[in-house]
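If you're matching positions, the sequence shown starts at 709 in the working numbering and goes up one per residue.
Glycine included, every Cβ here is placed at the ideal spot set by N, Cα and C.
Comments concern the structure below.
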Amino acid sequence: MTMEISKNLCKFLLTAVFLFTSMTASAASLEEAKAAYKNKDYEIAVQEFLPLAEAGDPVAQFYIGLMLDAGDGVPQNYQKALEWYGKAAAQGYIPAQANLGVLYESGVDQNYAMAEKWYLKAAEQGDATSQANLGTIYYIGHGAVKRDHSKAAFWYAKAAEQGNPVAQNGLSNMYEYGQSVQPDLVKAYKWLTLAAAAGNETAEDHKKDLEEKMNPAQMEEGKKQAQEWLSARNQKKKN
């Protein structure tokens with residue numbers, strides 16, 4: 709009986725060592741592949757990523773999709789990019805969900821309902837870019853996705869608070885015209901100031917037009933609120 713237990717324990721330990729070694733090797737291969745991709749050694753990156761992707765690694769699947777999407781190291785193929793993004797996205801990998809949304813929104817297989825689906829999955833996990841893209845889809849309305857300013861304001865606000873300039877610009881527009889939010893030129897100016905400071909050219913141009921509707925006190929308050937937001941954000945980053 710004791711010998712049998714020892715044999716089973718030995719098998720268990722050997723299996724554990726094998727699994728640990730395999731996981732360590734896979735992690736090393738993934739890091740090597742990512743380093744090759746970063747250095748634009750795309751052929752090496754493909755060779756490293758592909759076995760991992762085929763074995764089910766969502767990060768590797770995402771990168772294969774990314775290279776197919778851009779035509780880096782492989783012939784550009786949006787359909788195959790969709791497939792690999794889809795594999796990673798189905799496992800909950802946020803960057804793949806976000807890119808899948810973009811590809812469905814603007815790619816060859818344009819499907820706004822699918823774009824909404826994948827943006828929503830990434831947005832619900834906190835991805836600011838997907839939140840902003842979702843806000844824009846709801847703000848404009850595309851295909852099967854109906855215009856919904858209430859949802860647009862909700863997702864723009866989520867992304868704006870994370871510092872996304874596209875969402876900040878969109879939210880400013882909604883406050884300026886009172887679209888599913890109470891009209892508020894001060895808040896509009898706050899978000900527009902932040903978007904412009906982040907380099908959003910549309911916001912910079914729009915800011916001049918908005919200033920024509922405001923008095924000096926309103927502009928000063930808007931700048932103050934923008935500065936307070938920046939200070940609070942910077943403090944949060946430090947903590």
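Comparing alpha carbon positions, the residue from Leu918, Pro873, Gln870, Leu902 closest to Pro891 is Leu918. The stretch 824-843 makes contact with the stretch 853-867: 3 or more CB pairs, one atom from each, lie closer than 8 Å. Nearest neighbour of Val767 by Cα position, chosen from Gln755, Trp792, Lys748, turns out to be Trp792. In the DSSP assignment, the residues bridged to Val853 are His850.
The Cβ atoms of Tyr750 and Asp780 sit closer than 7 Å to each other. Going by beta carbons, Ala903 and Asn923 fall outside the 7 Å limit. Counting the other Cβ atoms within 10 Å of the Cβ of Gly773 gives 16 or more, which makes it buried.
For Gly849, the closest alpha carbon among the candidates Thr837, Pro873, Glu813 is that of Glu813. Leaving aside the five residues that flank Lys921 on each side, the residues in its chain whose CB is nearer than 7 Å to its CB run, in chain order, Leu893. Boundaries of the alpha helix (DSSP H) harbouring Gly930: 924-946, taken from the DSSP string. Ranking Phe862, Tyr847, Tyr820 by CA distance to the CA of Gly834 puts Phe862 first.
With 16 or more other Cβ atoms from the protein chains shown falling within 10 Å of its own Cβ, Tyr883 counts as buried.
A Cβ-Cβ separation of about 18 Å leaves Ala743 out of contact with Gln769 under the 8 Å criterion. Taken through DSSP and simplified to helix, strand or coil, Gln769 comes out as helix.
Take Leu828, set aside five residues on each side of it, and the residues of its chain with a beta-carbon closer than 7 Å to its own are Leu842, in chain order. In the three-state reduction of the DSSP assignment, Gly800 falls in the coil class. With contacts defined by Cβ atoms closer than 7 Å, Leu760 and Leu776 do not form a contacting pair. The beta carbon of Lys788 sits closer than 6 Å to those of Leu776, all from its chain and outside the five residues before and after it, given in chain order. CA-CA distance, Ala940 to Ala906, rounds to 16 Å. When the five nearest sequence neighbours on each side are left out, the beta carbons in the same chain lying within less than 8 Å of the beta carbon of Ala778 are those of Gln784, in order along the chain. The DSSP-derived three-state label of Glu920 is coil. The three-state reading of DSSP puts Pro873 in helix, counting H, G and I together.
Gly781 carries a coil assignment under DSSP once its states are collapsed to helix, strand and coil.
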